[in-house]
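If you're matching positions, the sequence shown starts at 133 in the working numbering and goes up one per residue.
Heads up, the beta-carbon is just placed ideally off N, CA and C, and yes, glycines get one too.
Notes to accompany the following structure.
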Amino acid sequence: MTIYSKTEVQLEDSFQARVDDEQKIEPKDWMPEVYRKNLIRQISQHAHSEVIGMQPEGNWITRAPTLRRKMVLLAKVQDEAGHGLYLYSSAETLGASREEMIDALHQGKAKYASIFNYPSLTWADVGTIGWLVDGAAIVNQISLQRTSYGPYARAMIRICKEESFHQRQGYESLMALAFGSPEQKAMAQDALNRWWWPSLMMFGPHDAESAHSAKSMQWKIKRKSNDELRQAFVDQTVPQADYLGLTIPDPDLKWNEQRGHYDFGEIDWEEFQQVISGNGPCNRERLVNHRSAHEEGQWVRDAVRAYEAKQKKREKAA
Ligand code: BYC
133 MTIYSKTEVQ LEDSFQARVD DEQKIEPKDW MPEVYRKNLI RQISQHAHSE
183 VIGMQPEGNW ITRAPTLRRK MVLLAKVQDE AGHGLYLYSS AETLGASREE
233 MIDALHQGKA KYASIFNYPS LTWADVGTIG WLVDGAAIVN QISLQRTSYG
283 PYARAMIRIC KEESFHQRQG YESLMALAFG SPEQKAMAQD ALNRWWWPSL
333 MMFGPHDAES AHSAKSMQWK IKRKSNDELR QAFVDQTVPQ ADYLGLTIPD
383 PDLKWNEQRG HYDFGEIDWE EFQQVISGNG PCNRERLVNH RSAHEEGQWV
433 RDAVRAYEAK QKKREKAA
């Protein structure tokens, strides 16, 4: 009898063939260590973004202008917590523990979307976050529904359904302001002026500067590049701003007939680097709030562990 065990190279080849064939990779399948680590990095950062992203909007729950707006906002913020949970669970299937992931966030080792380090100064910011931030997120997440890792792809399908509702509620809220009094319209324009460029930064550095893109595209973790997604977002959003009668704060923005796309100006990459390095306007505040919420939730984790231990004892005795 010959015992045949595949070499690492053979395993990688058959892994790549499965990815190329659009088969989903599942938790118990063999996968290259770098694929696993890259996925944990991206999924956990995605989860942190959902959870930290609750803060700028949560800031307005007590000050929503009507009961209806308050109920909608509460539901949306709760949805974001749910997205975080699906994503943490998905990363756990790769062997990462929740404690490790939260610890990496608290120590500043794991990033989260740069956009959530900007303050939400007026009620118009809430609608603008729904319109632009959820809008940008969904452009990316639609492509991630086809990501190669099964649990991540399935989480994305559900998240996209909720995210598209979020985007529409944001736009509807902004319509009320843009078609309202001159003061309301000015408030909407001011919010667009502040959130436009950070929204474009959500897609990450240019493709040529993106450290993880080549491998992530080869393994179909990412299905579209940072620049492709950013362009799709601009193309979809400009007509929406036109309809609202608002002006996108970019003098270089214009339709390019030849390309069939909008041309747009250059992002301030220095600002982006500052924000992702922890020096944005709200980085410290976001982490302080997260740490204290985490500490306040310690009793819940203790209770769950005590219950689990009790159940195990019962099962043993039975
Ligand atoms: N912000 O090689 P690159 C939401 C980092 S939340 C911060 O291109 P990659 C919502 C990047 O991590 C939805 N960091 O990376 C929630 C890497 O650093 P590390 C959020 C960024 O991963 C509440 C380095 O820069 N969506 O919808 O190939 C309320 C080099 O970049 C950013 C997701 O998370 C950034 N913008 O591509 C409302 C989608 N960009 O890890 C709404 C999932 C880059 O080496 N994530 N960096 O230290 C992705 O699709 C990809 O991770 C990215 C970046 C496109 C973001």
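- If you look at H180, you'll find it in the alpha helix (DSSP H) that goes 165-184.
- Distances between the C-beta of P251 and the heavy atoms of the ligand BYC are all 6 Å or more.
- Residue environment analysis places E440 among the exposed positions, since fewer than 16 neighbouring C-beta atoms fall within 10 angstroms of its C-beta.
- In this chain, K386 is not harboured by any alpha helix (DSSP H); it is covered by the beta strand (DSSP E) spanning 386-388.
- A distance below 7 Å separates the beta carbons of P251 and P413.
- The beta carbon of L332 is closer than 7 Å to those of R362, I399 in its chain, skipping five residues each way along the sequence.
- A287 sits away from S181, with the two beta carbons spaced by 7 Å or more.
- It is roughly 16 Å from the alpha-carbon of R200 to the alpha-carbon of M307.
- Excluding sequence positions up to five before and after I184, its CB lies within less than 7 Å of the CB of Y244, F248, R418, H422, all in the same chain and listed in chain order.
- The C-beta of Y281 has 16 or more other C-beta atoms within 10 Å across all chains shown, which makes the residue buried.
- Of the candidates T198, L237, A228, G190, G190 places its Cα closest to the Cα of G262.
- Relative to the ligand BYC, the beta carbon of G429 is positioned no closer than 6 Å to any heavy atom.
- Rounded to the nearest angstrom, the Cβ distance from A310 to G377 is 6 Å, consistent with a contact under 8 Å.
- 7 Å or more divides the Cβ of P164 from the Cβ of T225.
- Ranking Q350, W329, H238, V204 by CA distance to the CA of R416 puts H238 first.
- Between M319 and A256, the beta carbon gap of about 4 Å places them in contact (Cβ cut-off 8 Å).
- Exclusion of S176 from the 6 Å shell around the ligand BYC follows from its C-beta lying no nearer than that to any non-hydrogen atom of the ligand.
- If you check the C-beta of S409 against the ligand BYC, you find no heavy atom less than 6 Å away.
- The continuous alpha helix (DSSP H) containing Y218 extends over residues 199-224.
- Rounded to whole angstroms, the Cβ separation of I291 and H215 is 5 Å, and the two are in contact under 8 Å.
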